[in-house]
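Contents: one structure, followed by commentary.
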Amino acid sequence: QVQLVESGGGLVQAGGSLRLSCAASGSIFSIYGMGWYRQAPGKQREMVASINRFGRTLYADSTKGRFTISRDGTKDTVYLQMTSLKTEDTAVYYCKLWATDGVEYWGEGTLVTVSS
2 QVQLVESGGG
12 LVQAGGSLRL
22 SCAASGSIFS
32 IYGMGWYRQA
42 PGKQREMVAS
52 INRFGRTLYA
62 DSTKGRFTIS
72 RDGTKDTVYL
82 QMTSLKTEDT
92 AVYYCKLWAT
102 DGVEYWGEGT
112 LVTVSS
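Numbers given in the working numbering equal positions in the sequence shown, counted from 1, plus 1.
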């Protein structure tokens, strides 16, 4: 069984920063990539950023230049450094893991609230 545990969410003022962490544990075949999605109230879940095992990163247009994803392969942990936060970044942020056997895993989410 695979577990993804997110941490680092909270309340921050617009213009501020937060760092999210997601630690993977359990019987993971092999990690192809990890990433972050978010879901705001009344909206669909959307991709925020991802990083694969080769270090290639992808970002949503809305987060480019403000968010940075990184990974510690020795700890099976992925981070999301968020800066210049905007009120529209308010959402529940979910960690996702893609295993090389094709299985995908999700964390339970961590709430990020950006106040004006």
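The beta-carbon is built from N, C-alpha and C at its ideal position, and this holds for glycine as well. The structure displayed is predicted, hence computed values, not measured ones.
- In the structure shown, residue 77 falls within a coil segment according to DSSP collapsed to helix, strand and coil.
- Counting of Cβ neighbours within 10 angstroms places residue 89 among the exposed residues, the total staying below 16.
- Per DSSP, reduced to three states, the secondary structure at residue 89 is helical.
- The beta-carbon separation of residue 49 and residue 39, rounded to 5 Å, stays under the 8 Å limit for a contact.
- For residue 52 and residue 72, the gap between their C-alpha atoms comes out near 7 Å.
- Rounded to whole angstroms, residue 17 and residue 80 show a C-alpha spacing of 17 Å.
- The three-state reading of DSSP puts residue 45 in coil, since its state is none of H, G, I, E or B.
- Shown here, residue 111 sits in a strand according to DSSP, grouped into three states.
- Linking residue 21 to residue 105 through their CA atoms gives a straight-line distance of about 20 Å.
- Straight-line spacing of the CA atoms in residue 6 and residue 94 works out to 12 Å.
- In this structure, the CA atom of residue 27 is about 18 Å from the CA atom of residue 54.
- With respect to the 7 Å criterion, residue 15 and residue 113 are not classified as neighbours on the basis of their beta carbons.
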